[in-house]
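*Asks:*
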Amino acid sequence: MVEVFAVASGKGGTGKTTSAVALGMALAADHAVTIVDADTGMANLLFHTGLADAETTLHDLLIADRDAAVADAVYERYGMRVVPCGTSLEGLRAADPTQLREVVATLSADADVIILDSPATLESQSAVLPIVLADRTLIVLQPTVPALSDGLKVQAYARTYGTDGAGVIFNRVTKTESIDRITEQTERYFDGPLLGTVPEHPAVRGAREAGKPLLAHAPQSPPAAAFRSIADQITVHDHDADRVADRFRNAVIPEPP
Ligand code: ADP
Ligand code: MG
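Under this note's numbering, think of the first position of the sequence shown as 1, with each following residue one higher.
1) Cβ of Lys212 within 7 Å of any heavy atom in the ligand MG?
2) Can you tell me the Cα-Cα spacing of Phe75 and Arg81, whole angstroms?
3) Any heavy atom of the ligand MG within a distance shorter than 7 Å of the CB on Asn44?
4) Applying the 10 Å Cβ sphere with the 16-neighbour rule, what's the burial state of Ser88?
5) At a threshold of 7 Å, does Lys311 count as lining the ligand MG (C-beta to nearest heavy atom)?
6) Comparing alpha-carbon positions, which option in Phe190, Gln142, Thr183 and Val4 lies nearest Glu172?
7) Within 10 Å of its beta-carbon, does Arg136 have 16 or more other beta-carbons around it, so buried, or fewer, so exposed?
8) Is Ile179 near Phe190, with beta carbons less than 8 Å apart?
9) In the DSSP assignment, what residue or residues form a beta bridge with Phe170?
10) CB of Pro146 to nearest heavy atom of the ligand ADP: below 7 Å?
11) In chain order, what residues of the same chain lie with their CB nearer than 7 Å to the CB of Val204, ignoring the 5 residues before and after it?
12) Consider the C-beta atom of Gly192 and the heavy atoms of the ligand ADP; say whether any pair is separated by less than 7 Å.
13) Note down, in chain order, each residue of its chain lying with its Cβ closer than 7 Å to the Cβ of Pro257, except the 5 sequence neighbours on either side.
14) Residue ranges of each alpha helix (DSSP H) run of no fewer than 4 residues wholly in the segment 73-97, ordered along the chain?
15) Alpha helix (DSSP H) containing Thr22: first to last residue?
16) At a threshold of 7 Å, does Val154 count as lining the ligand ADP (C-beta to nearest heavy atom)?
17) Residues in its own chain within less than 7 Å of Ala231 by CB, not counting five upstream and five downstream?
18) Compute the Euclidean distance between the alpha carbons of His59 and Ala111, then round it to the nearest angstrom.
19) Tell whether a beta-carbon distance below 8 Å holds between Ala8 and Lys16.
20) Taking the C-alpha atoms as reference points, what is the distance between Val70 and Glu102?
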């Protein structure tokens, strides 16, 4: 039984990786969670989970006719299974993005929830594949009109591949008093609810510097509480794991919009 979420945004630096790790850890209280750094060109999940020295990563799994087994790039951390991606240019060049289908299909055998930390843009095949493969997107945005418009492009693209919206997360929120209008527009135009609002807070940077997930580094901080409350609102759907694996293996290789 597995459901796959793509954490996406339409823009870099909105907090996708921070959110993917925080929600993964919160959901891991009740589910078998696997989190994958599918942002293969700008990988940074490894730095959020103490895996900067990981020997085998997703890059090794994306090589056609690879030697590495999927299990070699799976690390048990903070109650989750983490599949980090390397940061070298050679690793990126050697990677065949379409191999992600097979990797996710294999991972789906042992997971209730797979979280794909997804690229910011929709500019390449590797960037759009996570959204195509996922059952639902979680869209992380700053509450501004330009950010909303970027997020809506991701949603429109996802819809064309049958990927639903699980909701929107506002992150790095500073002036809560001025987001009423944005909130109303978000609820009107996005699929799924506005799941919650995460404040801009120094604990997030502190966690990143410590190489730990926010929920491990500063569990009592306001952003950690916000992420836990967001995770509480996500009801995981039970999809048959074999059917899901087949769907991944046979997924259409997408064209960027
Ligand atoms: P993305 O994966 O979307 O590029 P990250 O999760 O890596 O974004 O976050 C980008 C930067 O913003 C990081 O330095 C992170 O520490 C910081 N950041 C993210 N969310 C917050 C927040 N709520 N408060 C403060 N800093 C944040
Ligand atoms: Mg990221």
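Think of the CB as a built atom: it goes at the ideal place given N, C-alpha and C, for glycine as much as any other residue.
*Replies:* Looking at the atomic coordinates:
1) Lys212 Cβ: outside cutoff for every heavy atom of the ligand MG.
2) A quick correction: the sequence has Tyr, not Phe, at residue 75. In a straight line, the C-alpha of Tyr75 is about 5 Å away from that of Arg81.
3) Under cutoff, so the answer is yes.
4) Ser88 is classed as exposed because its beta carbon has fewer than 16 other beta carbons within 10 Å across all chains shown.
5) There is no way to answer for residue 311, as the model of the chain reaches only from 1 to 257.
6) It is Arg, not Glu, that sits at residue 172 in the sequence shown. Of the candidates Phe190, Gln142, Thr183 and Val4, the one whose C-alpha sits nearest the C-alpha of Arg172 is Gln142.
7) Result: buried.
8) Cβ atoms of Ile179 and Phe190: not closer than 8 Å.
9) For Phe170, which the question treats as bridged, DSSP gives the partners Leu141 and Thr197.
10) No, the beta carbon of Pro146 sits no closer than 7 Å to any heavy atom of the ligand ADP.
11) If we look at Val204 and ignore the five residues flanking it on each side, its Cβ neighbours are Thr18, Leu214 and Pro223.
12) No, the ligand ADP has no heavy atom inside 7 Å of this Cβ.
13) Excluding positions up to five away in sequence, the list reads Leu122 and Tyr157.
14) Counting only unbroken stretches of 4 or more residues, the alpha helix (DSSP H) elements lying wholly within the segment 73-97 are 89-94, in sequence order.
15) It should be noted that the sequence gives Ala, not Thr, for residue 22. Taken as a continuous stretch (DSSP letters only), the alpha helix (DSSP H) holding Ala22 covers Lys16 to Leu27.
16) For Val154, the shortest C-beta to heavy atom distance toward the ligand ADP is 7 Å or greater.
17) Excluding residues within five positions, the ones whose Cβ falls inside 7 Å are Leu23, Ala26 and Leu27.
18) Roughly 21 Å between the two C-alpha positions.
19) Cβ atoms of Ala8 and Lys16: closer than 8 Å.
20) About 9 Å.
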